[in-house]
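So the structure is just underneath, and the comments pick up after that.
Residue numbers (this note's numbering): 1 to 362.
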């Protein structure tokens, strides 16, 4: 944020300088309690002090823009250079000298237009030593101003860095999600096409139906690859197509049972996450059993969570050399989307492999 281009800064800086000078310089002099010949002289002197304070504040306000211009152009947090800091210090000293040279003639003008009468100029009665003692006071005012400006700049810098970090993390998260999103297993596609080709010799109508289901799965995989959530009902259609195609190979060895809570159909879930669990159950469970088995899908919606359970007949065995890529994929996607609010587990219970997913209702 460029303060020099911000009208709000111009207004607040003007008010700030006037309040700062009047509250420290003018009010301090008013409190001296000097004696005056008459009331007019008193009011005239008070008027002069107020004019003096306003003049000092306006001059400081104007001179501060010299420093602000340099700070805006050369002082960059995160890339602060020593020579720029030294230059700022030298410029600060120069501004104080210019301020002092302009200030005293300006105060003569203030006295001339005020109703305060004196035999000679008030500034003439102040020797050079007394004038030098004012330099630390005005320098302190400028130091306070620089501190406030640098705090504003530091806050703005930190806010921008935080925003960029959030954007970077968001982009990284999106990239990770895109790389993890479910894709149809190439081996499944190859096997399905071979199975459909064999089915054509027996039942052309059914083979045409299976080709349609395979094309729907492909379209689903491509279209839903650009989104992070879909309705559970859409995912179930994908699972039904997968089961239908798998039954060409497994035939009666594969039984699929659904126990779906109707209230859960509209709940949003990551795409293809159930399909991955069902595929894992068929590939590593049912395929290893001579007599086959059953895959059971259960969904249950509570007030805070959606529970998804996929059970399959068999034992939990990790094949040698298996990377468990599908299960790792599910864990990472849930973590990226829901953090610690989602849960995933898989284990063996009563000669069945049971996978549990708990997704928060967000």
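For glycine and all other residues, C-beta sits at the position ideal for the given N, C-alpha and C. Since the structure is predicted, the reported quantities are computational estimates derived from the model, not experimental observations.
Counted within 10 angstroms of its Cβ, other Cβ atoms place residue i as buried (16 or more) or exposed
| i | result |
| --- | --- |
| residue 127 | Residue confidence is low: residue 127 scores 49 on pLDDT, short of 50, so the model does not pin down where it sits. Its coordinate-derived value is still stated next. Exposed, by the Cβ-count rule. |
| residue 290 | exposed |
| residue 192 | buried |
| residue 270 | buried |
| residue 162 | exposed |
| residue 238 | buried |
| residue 166 | exposed |
| residue 353 | buried |
| residue 329 | buried |
| residue 94 | exposed |
| residue 154 | exposed |
| residue 7 | exposed |
| residue 218 | exposed |
| residue 80 | exposed |
| residue 223 | exposed |
| residue 67 | buried |
| residue 76 | exposed |
| residue 264 | buried |
Backbone CA spacing between residue i and residue j [nearest angstrom]
| i | j | result |
| --- | --- | --- |
| residue 344 | residue 87 | 59 Å |
| residue 3 | residue 100 | 26 Å |
| residue 236 | residue 72 | 58 Å |
| residue 272 | residue 221 | 8 Å |
| residue 63 | residue 141 | 12 Å |
| residue 156 | residue 334 | 34 Å |
| residue 308 | residue 197 | 34 Å |
| residue 205 | residue 336 | 43 Å |
| residue 408 | residue 360 | The structure shown does not extend to residue 408, since the chain spans only 1 to 362, so no value can be given for it. |
| residue 60 | residue 108 | 17 Å |
| residue 254 | residue 275 | 15 Å |
| residue 200 | residue 234 | 28 Å |
| residue 158 | residue 9 | 19 Å |
| residue 346 | residue 248 | 27 Å |
| residue 137 | residue 338 | 57 Å |
| residue 96 | residue 164 | 38 Å |
| residue 146 | residue 139 | 10 Å |
| residue 327 | residue 340 | 17 Å |
| residue 231 | residue 306 | 12 Å |
| residue 348 | residue 211 | 35 Å |
| residue 302 | residue 355 | 18 Å |
Distance between beta carbons of residue j and residue i, contact taken as under 8 Å
| i | j | result |
| --- | --- | --- |
| residue 277 | residue 310 | 4 Å |
| residue 54 | residue 14 | Actually they do not touch by this definition, with Cβ atoms about 11 Å apart. |
| residue 315 | residue 351 | 7 Å |
| residue 91 | residue 70 | 6 Å |
| residue 229 | residue 268 | 4 Å |
| residue 57 | residue 22 | 7 Å |
| residue 297 | residue 258 | 5 Å |
| residue 300 | residue 261 | 5 Å |
| residue 241 | residue 213 | 4 Å |
| residue 52 | residue 110 | 6 Å |
| residue 312 | residue 287 | Incorrect: roughly 10 Å between the Cβ atoms, too far for contact. |
| residue 250 | residue 295 | Actually they do not touch by this definition, with Cβ atoms about 10 Å apart. |
Bounding residues of the beta strand (DSSP E) (the contiguous stretch that carries residue i)
| i | result |
| --- | --- |
| residue 293 | 293-301 |
| residue 309 | 305-313 |
| residue 256 | 254-260 |
| residue 350 | No beta strand (DSSP E) holds residue 350; DSSP gives it neither H nor E. |
Bounding residues of the alpha helix (DSSP H) (the contiguous stretch that carries residue i)
| i | result |
| --- | --- |
| residue 266 | Per DSSP, residue 266 belongs to no alpha helix (DSSP H) and is neither H nor E. |
| residue 4 | Counting along the chain, residue 4 falls outside any alpha helix (DSSP H), and DSSP gives it neither H nor E. |
| residue 235 | 232-250 |
| residue 228 | Premise fails: residue 228 is in no alpha helix (DSSP H) and is neither H nor E. |
C-beta neighbour in chain C for residue i, strict 8 Å
| i | result |
| --- | --- |
| residue 146 | Annotation note: the requested chain C is absent from the structure, which comprises a single protein chain. |
At which residue ranges does the segment 77-118 contain complete alpha helix (DSSP H) runs of 4 or more residues, listed in the order of the chain? Along the length of the segment 77-118, whole alpha helix (DSSP H) runs at least 4 residues long occupy 82-113, reported in chain order.
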